[in-house]
Amino acid sequence: MNEDHSTHRIPGIAYNCGDCGSEVVLRPGDIVICRECGYRILFKKRTKQGRWTSVCNQ
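Count the sequence shown with this note's numbering and you get residues -8 to 49, in order.
Next up, the structure:
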């Protein structure tokens, strides 16, 4: 019944810093800030949607 919550890691979402461009991984509850330079504007990385390119090329 005793669960160790530190072993259950929630996967984070990768963001890019708007100032220095470094990758920042954020999890729920994390502060939105770059760990390299302290900048507070982060951009979500784009996902690869290959299925849309194949549909558009037909």
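A virtual CB, placed ideally from N, CA and C, is assigned to each residue, including glycine.
| Straight-line gap, residue 24 to residue 31 (C-alpha atoms, nearest Å) | 5 Å
| What is the C-beta distance between residue 35 and residue 4, in whole angstroms, given that I count them as a contact (C-beta under 8 Å)? | 7 Å
| task | Express the C-alpha separation of residue 21 and residue 9 in angstroms, rounding to a whole number. | result | 17 Å
| said: So, with DSSP's three-state summary, where would you put residue 16? | reply: In the structure shown, residue 16 adopts extended strand secondary structure according to DSSP, grouped into three states.
| said: Tell me which residues share the same chain as residue 11 and place their Cβ nearer than 6 Å to its Cβ, disregarding the 5 neighbours each side in the sequence. | reply: Here residue 11 has 27, 28 as same chain residues with Cβ atoms under 6 Å from its own Cβ, once five neighbours each way along the sequence are excluded.
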